[in-house]
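Asker:
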Amino acid sequence: MIAAILEPYRHGTGEHPRFAISGIDLPVPSAMITPLSLLLHEFATNAAKHGSLSTVAGSIEIACSIRDGKVTIQWKEVGGPSPVATEDEGFGSRLIRAAASELGGLVRDWNAAGIVLEITIDSERFSA
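With my numbering applied, the sequence shown corresponds to residues 21 to 148, in that order.
(1) Identify the residues that DSSP records as bridge partners of Thr54: which are they?
(2) Under three-state DSSP, which class holds Arg145?
(3) In whole angstroms, give me the CA-to-CA distance for Ala51 and Pro28.
(4) Could you please give me the residues that DSSP links to Asn131 through a beta bridge?
(5) Taking just the CA atoms, how far does Ser143 sit from Ile80?
(6) With DSSP run on the structure shown, which of helix, strand or coil describes Leu46?
(7) Relative to the C-alpha of Ser147, which residue among Ala23, Ala24 and Pro47 is closest?
(8) What does Arg87 pair with, by DSSP beta-bridge criteria?
(9) For Ser157, I'd like the list of residues in its chain whose CB is within less than 8 Å of its CB, leaving aside the five on either flank, ordered along the chain.
(10) Quick one: is Val127 near chain E, going by C-beta distance under 9 Å?
Right under this line is the structure:
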């Protein structure tokens, strides 16, 4: 699912891949497809406009794992401009907050190397 959502961003002006996906591959329950798709699409759109995908050398690393009873999807932007946190909350920010809340939670780390986003979902929801 992640690869399909990010396919339009696979290559920039160069031939190097713009994203790498690693870790576990779990089937996504139907109740989670819409909020997870919305989150990933919004992350990719923001990366293309303001983040690592807005530069030629930028890329995204996505790691999926299970830790402490939670499925974790980490989105890490590399090689882009330093992220700028903003107080303004537009439609995209509200969408991210609502979708993340529906899934479980979202942690954002705005550091000089690039933004790191971590979606956490209770692993029991994947066995239902």
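Here a beta-carbon is modelled for each residue, glycine too, at the ideal position from N, C-alpha and C. Keep in mind it's a predicted model, so treat the numbers as computed, not measured.
Answerer: Reading from the atomic positions:
(1) For the purposes of this step, residue 54 is taken as the residue at position 34 of the sequence shown. Partner(s): none; Thr54 has no beta bridge.
(2) If you number the sequence shown from 1, residue 145 lands on position 125. Look at Arg145 here: in three-state DSSP terms it is helix.
(3) The residue you call residue 51 lines up with position 31 of the sequence shown. The residue you call residue 28 lines up with position 8 of the sequence shown. Their backbone Cα atoms lie some 24 Å apart in a straight line.
(4) On the sequence shown, residue 131 is found 111 positions in, with the first residue counted as 1. Per the DSSP secondary-structure output, Asn131 pairs in a beta bridge with Gly134.
(5) Along the sequence shown, one-based indexing puts residue 80 at 60. Along the sequence shown, one-based indexing puts residue 143 at 123. If you take the alpha carbons of Ile80 and Ser143, they lie about 24 Å apart.
(6) Taking the first residue of the sequence shown as position 1, residue 46 is located at position 26. If DSSP states are grouped into helix, strand and coil, Leu46 belongs with coil.
(7) Counting from 1 along the sequence shown, the entry for residue 147 is found at position 127. Closest in alpha carbon position to Ser147, among Ala23, Ala24 and Pro47, is Pro47.
(8) By one-based count along the sequence shown, residue 87 stands at place 67. Paired residues: Lys90.
(9) The shown model of the chain, from 21 to 148, leaves out residue 157, and the question about it has no answer.
(10) Absent from the structure is chain E; it holds one protein chain and no more.
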